[in-house]
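Participant: Quick one: the structure is below, and I'll ask about it shortly.
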Amino acid sequence: MITASLIGGAHMIFLDNINHKVASGHLAAALTVGVWKDRILGESTITAVPNSATWVLAGNNLQFSNELMRRNVPIRLDANVANPTLDRPMSTFKHDLTVWLKENRANLLWACHVLGLNWIQKGRPHNVQKHVHSFDAWSRVMGGIFEAAGIDGFLDNIQNYLGNRDEDIDVIRDFAKHLFEKFDTQKMTVREMYENSTNPFGKLDYDLPISGNNEHAQIISLGKFIQTQMVGCTFRIREAGEVGGTDEVLGKLVKIRQRNPSAYVWSVLPPQSPKN
């Protein structure tokens, strides 16, 4: 269910009951850009609108793609039971939450205004210790509001969240490491990457989000994935002390030269390489 509402002049978009992994390049862009440009449905006109909405997604044990993980702040509710719907009868709650929220809406909004006014009266201090990339201003202001009110814990769960839930980047890192082990710094095509990463059944050994009903389509999909998700990222392709060397090795998958408009040659090179 998608709900859009206007609260105090600010838009909120609420997506409820999400029961699948959230992976969308369009959503990732919408969460980051200040102005959204797109074509009006049924027309050829491109429009631009200010994008200041707060997006809220709700679901059980939500999973996100790598590009969306860094764009969200997790809020977890732990009922301490296996099945909250069945194991937590309404009689265990102090209030009927839906009724209580409606009855106390004014008090809740007043409390938010008090927090904001307290921050203003204390000189609008900014939190500089914790931040979310691409949302620096929001991090500084919200962290400052909580800090001014003596409320601890702002963004304390981010590092643990990213460390434990970053499934996509682990797969991509393993794939980059595999390419380095197979090709070292030699040039390679997407077809060569594909052919050296598939099992005897013709399936990729890595759970990358590629599609296609045949080899050609899958190679095209892999090429698009590499172009959008791997280019410009630095990967740790060998740990310090790992077999094969004593030093840590970092690498980037970079485009060396263009053969024709639809085929590229790639190589895993050190981040400081002048070819980057």
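Residue numbers (the working numbering): 7 to 282.
From the three backbone atoms N, C-alpha and C, an ideal C-beta is built for every residue, glycine too.
Model, not experiment: these values are computed from the prediction.
(1) Mapping the DSSP letters down to three states, classify residue 85 as helix, strand or coil.
(2) Relative to the C-alpha of residue 131, which residue among 121, 45, 176 is closest?
(3) From residue 96 to residue 145, what distance separates their C-alpha atoms?
(4) Going by alpha carbons, who is nearest to residue 163 out of 30, 76, 221?
(5) Are residue 242 and residue 197 touching if we call contact CB-CB under 8 Å?
(6) Count the other CB atoms, across all protein chains shown, that sit within 10 Å of the CB of residue 235; report buried if there are 16 or more and exposed otherwise.
(7) Looking at residue 22: is its Cβ nearer than 8 Å to the Cβ of residue 64?
(8) Which residues does DSSP list as the beta-bridge partners of residue 176?
(9) Could you check if residue 27 is buried or exposed, using at least 16 other CB atoms within 10 Å of its CB as the buried criterion?
(10) When you compare the region 219 to 233 with the region 51 to 61, are there three or more beta-carbon pairs, one atom per stretch, that lie closer than 8 Å?
(11) From the DSSP output, in three-state form, read off residue 156 for me.
(12) Going straight from the alpha carbon of residue 38 to that of residue 105, what length do you get?
(13) Could you check how far apart the C-beta atoms of residue 83 and residue 185 are, in whole angstroms? I think they sit under 8 Å.
(14) Suppose the cutoff is 7 Å on Cβ atoms and the five residues either side in sequence are ignored; what does the same chain contact list for residue 229 look like?
(15) By a C-beta neighbour count over all protein chains shown, 10 Å radius and 16 as the cutoff for buried, is residue 99 buried or exposed?
Facilitator: Walking through what the data contain:
(1) coil
(2) 121
(3) 36 Å
(4) 76
(5) no
(6) buried
(7) Yes.
(8) Answer is none; residue 176 lacks a bridge partner.
(9) exposed
(10) no
(11) coil
(12) 34 Å
(13) So it is not a contact: roughly 41 Å between Cβ atoms.
(14) Counting only Cβ-Cβ distances below 7 Å, and skipping sequence neighbours, we find 196.
(15) With a threshold of 16 other beta carbon atoms within 10 Å, residue 99 falls short and is exposed.
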